[in-house]
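Read top to bottom, the protein sequences are chains A and B.
Per the numbering used here, residue 69 is the first one in the first sequence, and the count goes up by one each step.
Per the numbering used here, residue 6 is the first one in the second sequence, and the count goes up by one each step.
A short write-up of the structure that comes next.
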Amino acid sequence: MKKPIIGVVAILLLGLAVFAGLSFWGDGIDIGSTHFKTGSFAENMLTPPDTATSAAANVEDSVKKANVRQPLDTTSKVILFAGDSMLEGLGPRMAAYATANGHTLINVIWYSSTTEIWGRGTRLKERIEEFHPDFIFISLGGNELFVSDIKKKRQKYLNNMLEQIGDIPYVWIGPPNWKPDTGINDMLAESVAPGSFYLSNGQHFDRAKDGAHPTRQSAAAWCDRICKWVMDSSYHPIKLEVPVEAKGKCKTIVYQPEV
Amino acid sequence: MAEYSFSLSTLWYNIVQQLCYNPQEPLMFSSGLFWVLIIIFLPIYSLVKSRRTMMAIFVTLFSLFFFYKSSGLCFFFLLATSVVDWALAQYIDKCKKRAMRKLALAVSLLCSVGMLVYFKYANFLLFNFDAIVGRNFQPLDIILPVGISFYTFRTVSYVVDVYNKKIPATTSLLDYVFFLSFFPCLIAGPVVRASEFMPQLHENKAPTREQVYGGMWLIMLGIIKKAVFADYIAQYVNIAYGNPTGYSGVELLMAILGYSMQIYCDFSGYSDMAIGLGSMMGFNLGVNFDFPYRSLNVTEFWRRWHISLSFWLRDYIYISMGGNRKGKLRQYVNLMTTMLVGGLWHGAAWNFIIWGAGHGLALCVHKFLMPSLKKIPDNIVVKFISWLLTFSLVTLLFVFFRADSFDTVWAMLCGTVTRFDVAYFPVFLKVRYTWCALMIIIFAMHFVPKDFYNRVRTWYINSWWICKFIIFLVVVQLVIEFSSADVQPLIYAQF
């Protein structure tokens, strides 16, 4: 009996050593053009205990901190608005706001994108270097409502996105939940700078046929609430008065899904 | 390379956290922690195996720890059930008076089944009672111990078998706790019976090379089924079932088919791992899934699907109620009752009852039509139609099993029919090609001859150690790749 058991234990033990060792590489290893993911052994064993509080408390905390706000900035801005398909609804209304308030708007729609897809690459940084925005909106998270163990899987990508944004004032627009999420809003509330996270969850939305995206009208009303919040409550308020005209100008860049 | 600062206190804290009960992270066979524990468990097990009492104590303690990691202090309920049923079985075995034996059996069933009813069905019963009397439902704060349905069925079979004098009562309490808490079968079966398990425990034979490496082979198959196929397919299924109005007929149909594959891979994968672990320890736990989607009729399906459970239902409910010995009508009633219990056993909700009723009805119809069906020629076209009908029925009934409400069932079925457009198929294939590939693979695997599997298994057992090691690395890497791969719910906005 002992010989085969020793053989099996040796397989398991050596396997553990291999995968534990590889897990120190963090995200993964590239061999040629192939990316191999690594396990989370090192992360599980060597990451200090998580002292984060609940999302609601974080949002509250974020709002409290944002009470020490910057004064309203009334100058014209170059606004970069990046995110997933939710921009289809938000983008046109944001364009109306931008035109009415003297801003220049660039919408970057990456269909089906997630924090992982943006955070894995440098596309956000490239667009920042291209357009030199002085204000950024991000609308992302709708594709990650059901991701299990989200902090383990996505925190690093979110951090990477925030690093790409750097010191530029920004507002992260949380997803308009159509089902309870598995933690994306919590993660965003914990990670995004104070006064820079707009919680969309819990608001009323009329949904399009797909049951997920707000209708054009509902998305426009959502955009109105966002802009009001930016002016009244965010850490970096910029001028976003309600436009008289329904339409506005913007440049739109579209990226196809990466599935 | 990621930067980790080594701190002994952090490492110690994380190890303790990993070993403590966390309701969010129950210990599963597919988790890394379980395999780290197995690395420690197996050498000690092989050392104490020859000393039966030591081995029994060691395995029982490990099993109880395993149960604690999954259900916290609920492992005391398992211990309580073990002690009560062991004592009552002893009494039943020795007692000569029929009435007293019957009373002891009733007390045993009341305790074990009562505990199951309280933990699993109390809220369901209260909800329905409150709905009837028009009162506001206030759910009781009950935590369901993991695996209670499985160990309850095991203990019931033991006491009933002792009552029927099929097996003698075990005199050793340790042996009984060992049997009931045996960790490979604790969480999700198979529902191994004492009549099959106890003789193996008493013999205490050392596992052969074939058992050890055959077990390892089964475990790897199980891990791939569970952590690669089931978990990946589940992501899309969850998304579609979560918002059925947002998807086309083709997408919903794929989700319905996907769930049939997901539940098979999930259940049978976990069973494979359990049976493989048992085999590595020298125990034969039988076969629990035998290519169920090959079935040509629903009776055959239940001989291939969750075999230990369906045979348990047959022996302890269907046959206990008279089976087919009391006329045709009574047989149909017995079949329906058995399948209703089977449905309710899977979960405390009406959709599970409907699922069970659907299968019961299908079994009755099949039994009723049997004489006429026998006259139909047994050619390939008939076989194909039989298979298609059986698979479609099983898949359709799984919609009830999976949906969280009857509204969802309705939305899934209506959406599939009313929004069906073949033109979506190529788009679906293009966008979700990995998902489709996994579906095709698991479906095709059903039709590979059994001989082929046996040959591959034999090859694995006899292969060089290095081959086994490389296969293990490939399997683990596959699990890592797929466990962190997410299926996107929204491909395009559909304005």
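No residue lacks a Cβ here, since even glycine has one placed at the ideal position from N, Cα and C.
- Residue B:244 holds the alpha-carbon nearest to the alpha-carbon of residue 246 of chain A among B:187, B:244, B:200 and B:213.
- Taking a beta-carbon distance threshold of 9 Å, residue 324 of chain B does not count as an interface residue toward chain A.
- The DSSP assignment places 238-241 as complete runs of the beta strand (DSSP E) inside the region 236-287 of chain A, in order along the chain (cut-off: 3 residues).
- A direct Cα-Cα distance of roughly 49 Å separates residue 170 of chain A from residue 91 of chain A.
- When DSSP states are grouped into helix, strand and coil, residue 218 of chain A belongs to the helix group.
- Selection B:126, B:114 and B:317 evaluated against residue 195 of chain B yields B:317 as nearest (Cα-Cα).
- Under the three-state reduction of DSSP, residue 289 of chain B is assigned to coil, being neither helix nor strand.
- Residues of chain A whose Cβ lies closer than 8 Å to the Cβ of residue 470 of chain B are, in chain order, 75, 78 and 79.
- Counting along the chain, residue 304 of chain A sits inside no alpha helix (DSSP H), nor does DSSP assign it H or E at all.
- Here residue 23 of chain B has 38 as same chain residues with Cβ atoms under 6 Å from its own Cβ, once five neighbours each way along the sequence are excluded.
- Linking residue 139 of chain A to residue 311 of chain A through their CA atoms gives a straight-line distance of about 21 Å.
- For residue 214 of chain B, the nearest beta carbon of chain A is closer than 9 Å to its own beta carbon.
- At least one CB atom of chain B sits nearer than 9 Å to the CB of residue 72 of chain A.
- Here the C-alpha atom of residue 274 of chain A lies approximately 13 Å from the C-alpha atom of residue 154 of chain A.
- Taken atom to atom, the span from the alpha-carbon of residue 410 of chain B to that of residue 54 of chain B is near 49 Å.
- In this structure, DSSP gives residue 150 of chain A an extended state, which the three-state scheme calls strand.
- Under the three-state reduction of DSSP output, residue 146 of chain B falls in the coil class, being neither helix nor strand.
- DSSP, reduced to helix, strand and coil, places residue 457 of chain B within a helical segment of the structure shown.
- Around the Cβ of residue 475 of chain B, a 10 Å sphere holds fewer than 16 other Cβ atoms; the residue is exposed.
- The DSSP-derived three-state label of residue 311 of chain B is coil.
- Put simply, the CB of residue 231 of chain B is far from chain A, with every gap to its CB atoms at 9 Å or more.
- Contact fails between the region 157-177 of chain B and the region 233-243 of chain B, because fewer than three Cβ pairs, one in each stretch, are under 8 Å apart.
- Using a Cβ distance threshold of 9 Å, residue 284 of chain B and residue 220 of chain B count as a contacting pair.
- Any Cβ of chain B closer than 9 Å to the Cβ of residue 186 of chain A would place that residue at the interface, and such an atom is absent.
- With respect to residue 305 of chain B, residue 439 of chain B sits apart: the two C-beta atoms are not nearer than 9 Å.
- The alpha helix (DSSP H) runs of length 4 or more contained entirely in the region 149-196 of chain A are, from start to end of the chain, 155-168 and 183-188.
- Note: residue 323 of chain A is bridge-paired with A:178 in the DSSP secondary-structure output.
- Cβ-Cβ separation between residue 208 of chain A and residue 291 of chain A: approximately 15 Å, too far for a contact (criterion under 8 Å).
- With 16 or more other CB atoms across the displayed protein chains lying within 10 angstroms of its CB, residue 264 of chain A is buried.
- For residue 135 of chain B, no pairing in a beta bridge is given by DSSP.
- Using a 10 angstroms sphere on the CB of residue 417 of chain B, the tally of other CB atoms reaches 16 or more, which defines it as buried.
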